[in-house]
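Those protein sequences? They're chains A and B, same order as listed.
If you read the first sequence in the working numbering, its first letter stands for residue 20, the second for the next number, and so on.
If you read the second sequence in the working numbering, its first letter stands for residue 1493, the second for the next number, and so on.
Report on the following structure.
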Amino acid sequence: MSGAEKIAVQVTDIVPLNDLVTRFKFERVDGGLLPTFSGGAHTVVEMRDGEVTRLNPYSLMSDPMDQLAYTISVRRDDEGRGGSLFMHNNVKVGDEMTISYPVNLFSLDLRAKKHLFLAGGIGITPFLAQIKQLERFNGNWELHYACRTESLGSYVDELTDRHPNETHIYYDDQDDKIDLTKLLDGQPLGTHVYVCGPKGMIEWVRKTAASEGWPREAIHHEEFLAPQPGKPFEVKLAVSNKVIQVGETESLLEAIERAGIHAPYLCRGGACGQCETRVIDYTGNFIHRDHWLDDDEHANGEKIMPCVSRFEGKTLVLDR
Amino acid sequence: MTIQFNDETFRDDYSFYNSERAIKRFPFPFHEDNYMYSVNMEQHRGGPVDSVYEKRFDVDEHYVSEMRDRAEVLADDPLRCQSLPHMTLAGWDLLELIMVSKSEDYPDLFELHRDGDNWRWVNKPLGIDDSFVFLDETTLPYGPMEYITRQAQGDFCVLDQRDDNLWMDAGTVTTQADWSLDFDIGMNFFEWHAPVPLAHEKGIFVRALKFLLNIQQGAPARRLNWTMTVNPLLDTSPENYHKWGIQKTTVTPENIGSKQHLRVELQTFFRLPRSNALVFPIRCYLCSFQDLMTAPKWGRRLHRVIRDLPEELATYKGFIDNRPMILDYLSKFDDGLPTSDGIWPDLETEPALKT
Chain A
20 MSGAEKIAVQ
30 VTDIVPLNDL
40 VTRFKFERVD
50 GGLLPTFSGG
60 AHTVVEMRDG
70 EVTRLNPYSL
80 MSDPMDQLAY
90 TISVRRDDEG
100 RGGSLFMHNN
110 VKVGDEMTIS
120 YPVNLFSLDL
130 RAKKHLFLAG
140 GIGITPFLAQ
150 IKQLERFNGN
160 WELHYACRTE
170 SLGSYVDELT
180 DRHPNETHIY
190 YDDQDDKIDL
200 TKLLDGQPLG
210 THVYVCGPKG
220 MIEWVRKTAA
230 SEGWPREAIH
240 HEEFLAPQPG
250 KPFEVKLAVS
260 NKVIQVGETE
270 SLLEAIERAG
280 IHAPYLCRGG
290 ACGQCETRVI
300 DYTGNFIHRD
310 HWLDDDEHAN
320 GEKIMPCVSR
330 FEGKTLVLDR
Chain B
1493 MTIQFNDETF
1503 RDDYSFYNSE
1513 RAIKRFPFPF
1523 HEDNYMYSVN
1533 MEQHRGGPVD
1543 SVYEKRFDVD
1553 EHYVSEMRDR
1563 AEVLADDPLR
1573 CQSLPHMTLA
1583 GWDLLELIMV
1593 SKSEDYPDLF
1603 ELHRDGDNWR
1613 WVNKPLGIDD
1623 SFVFLDETTL
1633 PYGPMEYITR
1643 QAQGDFCVLD
1653 QRDDNLWMDA
1663 GTVTTQADWS
1673 LDFDIGMNFF
1683 EWHAPVPLAH
1693 EKGIFVRALK
1703 FLLNIQQGAP
1713 ARRLNWTMTV
1723 NPLLDTSPEN
1733 YHKWGIQKTT
1743 VTPENIGSKQ
1753 HLRVELQTFF
1763 RLPRSNALVF
1773 PIRCYLCSFQ
1783 DLMTAPKWGR
1793 RLHRVIRDLP
1803 EELATYKGFI
1813 DNRPMILDYL
1823 SKFDDGLPTS
1833 DGIWPDLETE
1843 PALKT
């Protein structure tokens, strides 16, 4: 499918939290209620930046039961292609925007006897909604949250005030580190682990848990990737018989859409698998950045996820 | 439209009947003159006026009697309704979905009044007027899923989604085509579909699962499935096979038109918001052969489909032994004329049977 259902919203509040992170509040333009959602869900925000339309996923951090407003937090990425910069610099209170219905690729496993959350930086956002959901039902949870510095610790005060016993904060610049092996060792049977943060953190948690003998199904992770800029490249689309150019700051998926070709998508962050596209021929190197394809698939050159991955080389022919 | 509810039975004396209106809106499942498995999904957002596709949860003349039949099945066998402990939130999701849909789609029959978490639900056909606290199980006479599925036609499978699979972790199943919730509870999508012939080889289930995992909030889907049943019996369960299996031997050339029923399932799929579970309502519609034959197009087409159906499917659907007798009957309604595309009866445009 090409994205989830859309909702017309108005930006009703913008709160800068620190040097990097700003919170945005959305309410329906028609004054109606927003759909409820499950903790861990994201929305895809459409940004109309002149000629360019960007669609970026952001985790919903508000109370899933609150149907009056959604909130998201956006971390500014000065090296990125401009999606987060657009949100920070161009979006004003009162603006009308389009967002998608909630989609959850990072759902709680409701069988868990305990939910152990591991957050790194802006990866805190899905947990804020999951914590609100669990609090509603007296769920058993614990949060370990790593931030670079105290001043960049988004929502640290709110969490430690409301949930002093469940919240554990670690500051990188104070050399605080999560002692993961010990933490995992002390968990009761039936605990599920959820990690959201930078790629390195996710891999560290998955590998450590695996080596400690944790079942794969008990470790859940989510990392949304914003597409990264890169060198321009040319692609031949075999089905539609078109040759397109992918610009420096656009993704392959965006370039396909710009050419008026229907391409399926859902998360646009390398996680959901909807945009998987078959490679017919290539001479060059793939820059795979998704979490969907496995290592073998990244190596064999048969598939690409055009939402986040790029290509460098002479020829690329896709089945699209 | 005000619905006149039938007073009828789906067991013993089988007083079930379809009115002329019900026959016209019967979801005939064959869009062409032959049949093979396919994923055949489409969006579930309305359809032609008064068709079974029009509303999110179709309510028809059989509603009151079907709910009475469900209550009897549950009284005899409580295991027809089960919900694993982690599925309670999904049960509330389902209760909300059905109450909101029915009160909006049939305001003359159902009312939902909400003041925060204090809800009042009025179901006029069944004479129910209950006040309760949303998300507080102690304020309802049953768990949320059982409460609402005792008031909604069709079976309901509530599927948990995890590990890139769907799990049959809750449901109310009393009008099923020979499968058992009690047997399948806790199974994943591939496990509970294991008995289906031919479809695995065609990769149907891998594609179907991929589609279902990606059904999102606000974008429900639907498809039709079908089988045959002798006598208008809703509860064709494995648990009761000893009671109904034998009835297949009572069909004769004289009574086949009234005894043999085409059994069609309108299957819909909705993502549930709070739990991220998927609900899979399976609504059963029955129509006797003699009623189906009142639409000349359906008569021609049903004969051709049943005649050309692979043996494995006729066996799986349980009518292989009676197929010769069925074809003898149906062939009288097939004059060889071509049929129009699509499932609708096209009564105004399709020619009458040539005799």
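Glycine included, C-beta positions come from ideal geometry on N, C-alpha and C.
Since the structure is predicted, the reported quantities are computational estimates derived from the model, not experimental observations.
| field | Cβ of P1765(B) within 8 Å of any chain A Cβ | value | Answer yes: the Cβ-Cβ gap between P1765(B) and chain A drops below 8 Å somewhere.
| task | Closer than 8 Å by beta-carbon distance: list the chain B residues that pair up with F56(A), in chain order. | result | Q1709, P1765 and R1766
| said: Tell me which residues of the stretch 279 to 301 of chain A have at least one Cβ-Cβ distance to chain C shorter than 7 Å, keeping chain order. | reply: Looking for chain C here will not work: the only protein chains present are A and B.
| Beta-carbon proximity of L1651(B) to R1714(B), cut-off 8 Å | no
| Local Cβ density within 10 Å of T1841(B), reported as buried at 16 or more and exposed below that | Within a 10 Å sphere around the beta-carbon of T1841(B) sit fewer than 16 other beta-carbons, which makes this residue exposed.
| Cβ shell of V48(A) (< 7 Å), same chain only, five flanking positions each side left out | Taking C-beta separations shorter than 7 Å and ignoring five residues to either side along the sequence, the partners of V48(A) in its chain run A27, V28, Q29 and E115, following chain order.
| query | Which residues of chain A have a Cβ atom closer than 8 Å to the Cβ of H1536(B), listed in chain order? | reply | Ordered by position in chain A, no residue passes the 8 Å Cβ test against H1536(B), which lies about 13 Å from the chain.
| said: Just to check my reading of the structure: I1798(B) and L1819(B) have Cβ atoms closer than 8 Å, yes? What is that Cβ distance to the nearest angstrom? | reply: 6 Å
| task | Give the residues of chain B in contact with D128(A), contact being defined as C-beta atoms less than 7 Å apart. | result | Per Cβ cutoff of 7 Å: R1654.
| field | Nearest to L1801(B) (by Cα), restricted to the options G1828(B), T1786(B), T1719(B) and P1773(B) | value | T1719(B)
| is_contact[P83(A), chain B] using C-beta, thresh 8 Å | yes
| Closest residue to C286(A) among N123(A), V71(A) and L53(A) (Cα-Cα distance) | N123(A)
| request: Might you give, ordered along the chain, the residues of its own chain that have their beta carbon closer than 8 Å to the beta carbon of W233(A), omitting 5 neighbours on each side? | output: L203 and V212
| query | Would G22(A) pass as a contact of S81(A) if the rule is Cβ separation under 8 Å? | reply | no
| request: Look at the Cβ atom of L272(A), then the Cβ atom of C291(A), and state whether they are nearer than 8 Å. | output: no
| message | Among L1587(B), V1756(B) and D1505(B), whose alpha-carbon lies nearest the alpha-carbon of C1779(B)? | response | V1756(B)
| Is the CB of N1532(B) under 8 Å away from at least one CB in chain A? | No, its Cβ sits nowhere closer than 8 Å to a Cβ of chain A.
| query | How big is the Cα-Cα spacing for K1735(B) and T1728(B)? | reply | Just so you know, the alpha carbons of K1735(B) and T1728(B) end up roughly 9 Å apart.
| query | Quick one: is P145(A) near chain B, going by C-beta distance under 8 Å? | reply | no
| message | Here's the rule I'm using: 16 or more other beta-carbon atoms within 10 Å means buried, otherwise exposed. How should S78(A) be labelled? | response | buried
| Mapping DSSP to helix, strand and coil, what is G303(A)? | strand
| field | Beta carbon of S173(A) nearer than 8 Å to that of L74(A) | value | no
| message | Suppose only complete runs of 3+ residues qualify. What are the beta strand (DSSP E) ranges in the stretch 78 to 166 of chain A, listed by chain order? | response | 89 to 94, 115 to 119, 133 to 139 and 160 to 166
| query | Exposed or buried, which one is Q264(A) when buried takes at least 16 other CB atoms within 10 Å? | reply | With fewer than 16 other Cβ atoms within 10 Å, it is exposed.
| said: Can you confirm whether N1723(B), when its beta carbon is compared against all beta carbons of chain A, has any partner nearer than 8 Å? | reply: no
| request: Since I believe F1761(B) is in contact with L1704(B) (beta carbons under 8 Å), could you give me their beta-carbon distance rounded to a whole number of angstroms? | output: 6 Å
| message | Please state whether the Cβ-Cβ distance between C1776(B) and L1726(B) is less than 8 Å. | response | yes
| Sheet register partners of D68(A) (DSSP bridge) | Per DSSP, the beta-bridge partners of D68(A) are V71(A).
| Helix, strand or coil: which one does DSSP assign to Q1782(B)? | helix
| field | Contact set between H1605(B) and chain A, taken where Cβ atoms lie within less than 8 Å | value | Neighbours of H1605(B) on chain A: none; closest Cβ ~16 Å, over 8 Å.
| field | Proximity to V258(A) [Cα-Cα], best of E267(A), R297(A) and F252(A) | value | Comparing Cα-Cα distances from V258(A) to each of E267(A), R297(A) and F252(A), the minimum goes to R297(A).
| Under 8 Å between C-beta atoms, does E154(A) make it to chain B? | no
| Three CB pairs or more closer than 8 Å across the stretch 1528 to 1541 of chain B and the stretch 1625 to 1644 of chain B | no
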